[in-house]
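*Asks:*
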Amino acid sequence: MKQNQLLLSSIISSQSEMVFAQCLGLKTPHDVWNALKRSYVVHSRSRILQLKEQLQGLRKMLAHQLVVASKPVEEEDLIMHTLRRLPCEYSAFEMSLTTRIDLISLSDFHRLLLTQ
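Residue numbers for the sequence shown follow numbering that gives the first Met the number 0, so the first one is 0 and each next one is one higher.
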C-alpha cells in the first residue's frame, strides 16, 4: 500500500499542471496511468491524422509541380504506386505486372485489378 502511494505521488508530481488536474481524485497508480494513457492516445491519434493530411497535401503539390514542369506523373508511376499499396495477397498479381517486358496502360491495369 505504501509503495502504491509513493508511485502515485511520483507519477502525479512529474506531470504538468494541466495533466495534474486530470489526475486529481484518482486513487491508484493504475487509475492515473490509464487516465494519462487515454489522454495521450487521443493526442497521438489526432497528430497522426494531421500528418497524413499534410502528406496528402504534399503529394498533390508535388504532382502539380511536375505538371507545371511539363513532366506530369506517368501512368507507369501511378501503377507502381498502386501496386506498392496493395496487401500481400496481391503479391502474385504484382509480380506478374512488374516482370512484364511491355508496358501496361492504366485502363488495362484497372481492368486486371478488378478481376483479382
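Just so it is clear, CB atoms sit at the ideal spot from N, CA and C, and this is done for glycine as well. Just so you know, these numbers come straight off a predicted model, no measurement behind them.
Using beta-carbon positions only, say whether Ile103 and Leu111 come within less than 9 Å of one another.
*Replies:* Residue mapping note: residue 103 aligns to position 104 of the sequence shown, counting from 1. Residue mapping note: residue 111 aligns to position 112 of the sequence shown, counting from 1. Against a cut-off of 9 Å, the Cβ pair of Leu111 and Ile103 comes out as a contact.
*Asks:* With 16 as the cutoff for other CB atoms within 10 Å, does Ile47 come out buried or exposed?
*Replies:* As a first step, residue 47 is located in the sequence shown; it is residue number 48 there, counting from the start. Answer is exposed; the Cβ neighbour count stays below 16.
*Asks:* Quick one: what does DSSP say Leu25 is sitting in, helix, strand or coil?
*Replies:* On the sequence shown, residue 25 is found 26 positions in, with the first residue counted as 1. In the structure shown, Leu25 sits in coil (DSSP, three-state: anything other than H, G, I, E or B).
*Asks:* Could you spell out the range, first to last residue, of the alpha helix (DSSP H) harbouring Ala91?
*Replies:* As a first step, residue 91 must be located in the sequence shown, where it is residue number 92. Unbroken alpha helix (DSSP H) run through Ala91: 90-97.
*Asks:* Within 10 Å of its beta-carbon, does Val72 have 16 or more other beta-carbons around it, so buried, or fewer, so exposed?
*Replies:* Walking along the sequence shown from the start, residue 72 turns up at place 73. So Val72 counts as exposed.
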